[in-house]
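Each remark here refers to the structure printed beneath this line.
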Amino acid sequence: WLVLPVLAGVVLSQVRTIIDFRFASTMGKGSIAGLGYARGLIDTMILLVPAALGVAIYPFFSDLAAKNEKAELAATLMHSLRMLAFLFIPLAVGLILLHDPIIRLVFERGKFSADSVGLTTGPLFCFALGLPSFAFETIIVMLFFALKDTRTPVIVGVVTLVCHVGLIIGLREGLMHNSIALAYTLSKSLKVVVLMVLLAQLKGFDLQMRNNLLRLAKMLLCAALMAGIVYMAWRWLSGHVTIPLDAGKLRKTLSLGGMLGAVVLAGIFVYAACAILLGLEEAKYLFARLKRSRVGSHAENRDSGNS
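Residues in the sequence shown are numbered from 60 upward in steps of one, following the working numbering.
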């Protein structure tokens, strides 16, 4: 019986995709492809971290749920969400600010022309707005599954799917195929909010929202400072680094990649420095894990050399 709602959720996801492509097919040539390319980038990021984390953390959720340790479950959930927020908020900001050069770097070659870039950058911008919500959803749904509640996420998904369709209908005249990406972002964000409210109100979880919202505000402040640096750095580089029109494709790609790399590194440095100055525990935890990993790697190499 627990499997049936999960299957329904899979079907619901496919129905959403079919609906999106059906709307996109009426919005001009290249709309479906533009949505597909942008969504592919976002899905790759979700699969690399949140989906993997969800699979890894599920046994811990299940063990704590079996023991009915709600306080520990809530603490584990919020720690996971804070770590995802710490990583995905700056990533979302970077995609929002640099969506155009990123699309050009990754896709612009062959038949993927400047027109194709224009059709893809809009959806990527809209999807990027919801990147943290997409990451949160994966972990929150895993917690519901661990609680042996597979129905609630599906029911909320049906409601938000209706909102998704309504938003597309309401926004398509002005935004065209970008309305589909924006509707996806808004409906998924609504789903996350509703599931969090249900965890607190119906499941009785103490999510320590005041403390966690304070930490979120600090992350947003760091992301805002990072956004300012990234914006100014990109404008400066764009104005001072010129790529000749007759340059080869490889040279153009390397030049654009170098510019993006420099800007991204500057943004990472500012975000990390701000997080440390504000005393964000997520930054301390992440850097401690990285340091421990490096120490363990050095020790392993030393033992291997001795042997």
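Beta carbons: idealized from backbone N, C-alpha and C, even for Gly.
query                                                                                                                                                          : result
What is the DSSP secondary structure of PRO127, reduced to helix, strand or coil?                                                                              : It should be noted that the sequence gives Asn, not Pro, for residue 127. DSSP places ASN127 in coil when its eight states are reduced to three.
Rounding to the nearest angstrom, what Cα-Cα distance links VAL200 and TYR117 in this structure?                                                               : 10 Å
Assign HIS299 to buried or exposed, taking buried as 16 or more other Cβ atoms, counted over all protein chains shown, within 10 Å of its Cβ.                  : exposed
Quick one: grab the DSSP three-state call for GLY338.                                                                                                          : coil
Assuming LEU71 and VAL213 make a contact with CB atoms under 8 Å, what is their CB distance in whole Å?                                                        : 7 Å
Applying the criterion that 16 or more other CB atoms from any shown protein chain within 10 Å of the CB defines a buried residue, is VAL74 buried or exposed? : exposed
Under the three-state reduction of DSSP, which class applies to SER84: helix, strand or coil?                                                                  : coil
If you draw a straight line from the C-alpha of ILE227 to the C-alpha of LYS126, how long is it?                                                               : 43 Å
Please return the same chain residues whose Cβ sits closer than 8 Å to the Cβ of LEU248, not counting the five positions on each side in sequence.             : Here residue 248 turns out to be Ser, not Leu, going by the sequence shown. Answer for SER248: GLY189 and SER192, listed in chain order.
What are the start and end residues of the alpha helix (DSSP H) that includes SER297?                                                                          : 268 to 299
Would you decide whether LEU336 is buried or exposed? Buried here means 16 or more other CB atoms lie within 10 Å of its CB.                                   : exposed
Give me the residue from LEU254, ASP79 and GLU167 with the minimum Cα distance to ALA242.                                                                      : ASP79
Take ILE288 and list the residues in its own chain whose beta-carbon comes closer than 8 Å to its own, dropping the five residues that flank it on each side.  : ALA325, GLY326 and VAL329
Around the Cβ of LEU393, are there at least 16 other Cβ atoms within 10 angstroms (buried) or fewer (exposed)?                                                 : Look at the range of the chain in this structure, 60 to 366, and you will see that residue 393 is not part of it.
Please confirm whether THR312 and LEU164 have their CB atoms less than 8 Å apart.                                                                              : yes
Return the first residue and the last residue of the alpha helix (DSSP H) that ASP174 is part of.                                                              : 173 to 188
Could you give the residue range of the alpha helix (DSSP H) that holds GLU167?                                                                                : Looking at the DSSP string, GLU167 is not in any alpha helix (DSSP H), and its letter there is neither H nor E.
Could you give the DSSP three-state label for MET255: helix, strand or coil?                                                                                   : helix
If you draw a straight line from the C-alpha of GLU341 to the C-alpha of GLU167, how long is it?                                                               : 36 Å
Is the beta carbon of LEU112 less than 8 Å from the beta carbon of SER139?                                                                                     : yes
So for PHE264, helix, strand or coil by DSSP?                                                                                                                  : coil
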